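K.L.:
Residue numbers (UniProt numbering): 1 to 167.
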Amino acid sequence: MPWKYPIGKTCVGNAAVFWDVEDCPIPRRVFPESICQIIKSPLEKKRTRGIMSIRAFAMMDNDTIDEAGDPLCYAGIRLVHEDSGSIVDQMQKEILIWALEHRPKLGAQNRERPNLVVIAKNVKTESDFGRMLFYLNLRNYNVIAVVPNEVACPYANSVLLWTSFFD
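#1: From this set, L160, F134, A99, which residue's C-alpha is nearest I119's C-alpha?
#2: I think N142 touches L100, with their Cβ atoms under 8 Å apart; what is that distance to the nearest whole Å?
#3: Under 8 Å between the Cβ atoms of A75 and E33?
#4: If you count every other CB in all the chains shown that lies within 10 Å of the CB of N149, and 16 or more means buried, which is it?
#5: Only counting the same chain, and skipping five residues up and downstream in sequence, which positions put a Cβ closer than 8 Å to that of P6?
#6: Candidates E82, R55, G85: which alpha carbon is nearest L72's?
#7: Just list the residues that DSSP pairs F18 with in beta bridges.
#8: Please go through the same chain and pick out, in chain order, the residues whose beta-carbon is closer than 6 Å to the beta-carbon of A152, but skip the five residues on each side of it.
#9: Which of the three DSSP states is assigned to G8 in this structure?
#10: Since I believe Q90 is in contact with E82 (beta carbons under 8 Å), could you give me their beta-carbon distance rounded to a whole number of angstroms?
#11: How is I26 classed by DSSP in three states: helix, strand or coil?
#12: Could you check the C-alpha separation between M1 and F165 for me, to the nearest Å?
#13: By DSSP, does N157 sit in helix, in strand, or in coil?
#14: Would you mind stating whether N137 and D23 have Cβ atoms separated by less than 8 Å?
#15: What would DSSP say about R103, mapped onto helix, strand or coil?
#16: In this structure, does DSSP put N142 in helix, strand or coil?
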């Protein structure tokens, strides 16, 4: 799987994946049970060796999540249902909580930094969400963006296309 912006050495820091299922849905040909490994595999091969957690964010009325909910949970993905408001706002809150709990060690080398993986469309730097990710990058977090199309992510250490996970 090609990385849009290649990155260097293997990272040993923990990783958290925050996935907007509305922006990057599970393709119809993919079994929900296998999506966890599909997400983890390229990240493990290219980047991370620490503990990895995955959170999937969706609106309460999302049919895909209604059908795939149990298999996703059994695969180890935590489902976060948003009934009102914005998925991006909920993701932003959870990312900030995770960042507080996983602060980079003072003087940590690049490979020891916590890895933040965001699978979403709304990652532009001119948005509040994009600015938050930019500041986390400045504060020594490895930010990896997985996007559904060619979106500029200047704050990300690396960028992947969501569709490349299923090639």
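All residues carry an ideal CB built from backbone N, CA and C; glycine is no exception.
On a predicted model such as this, the values are computed, not experimentally measured, just so you know.
P.N.:
Walking through what the data contain:
#1: Per the Cα distances, L160.
#2: Your pair N142 and L100 does not check out as a contact, with CB atoms roughly 17 Å apart and the cut at 8 Å.
#3: By the CB criterion at 8 Å, A75 and E33 fall inside the cutoff.
#4: If you draw a 10 Å sphere on the C-beta of N149, you find fewer than 16 other C-beta atoms in it, and that means exposed.
#5: Residue placement at P6 cannot be trusted, given a pLDDT of 42 that sits under 50; what the coordinates show is reported in the next sentence. Here the set comprises S158.
#6: Checking every option, the nearest Cα to that of L72 belongs to R55.
#7: The partner list for F18 (beta bridge, DSSP) reads R55, V118.
#8: Counting only residues of its own chain and dropping the five nearest sequence neighbours on each side, A152 has no CB closer than 6 Å to any other CB.
#9: With a pLDDT of only 44 at G8, under 50, the local geometry of the prediction cannot be trusted, and no value is derived from it.
#10: Confirmed, about 5 Å.
#11: I26: coil per DSSP, three-state reduction.
#12: Confidence at M1 is low in this model, with a pLDDT of 39, below 50, so its placement is unreliable and the value that follows should be read with caution. Spanning the alpha carbons of M1 and F165 requires a straight line of approximately 7 Å.
#13: Secondary structure of N157 (DSSP, three-state): coil.
#14: In this structure, D23 does not lie closer than 8 Å to N137 by Cβ.
#15: Coil.
#16: In the displayed model, N142 falls within a strand according to three-state DSSP.
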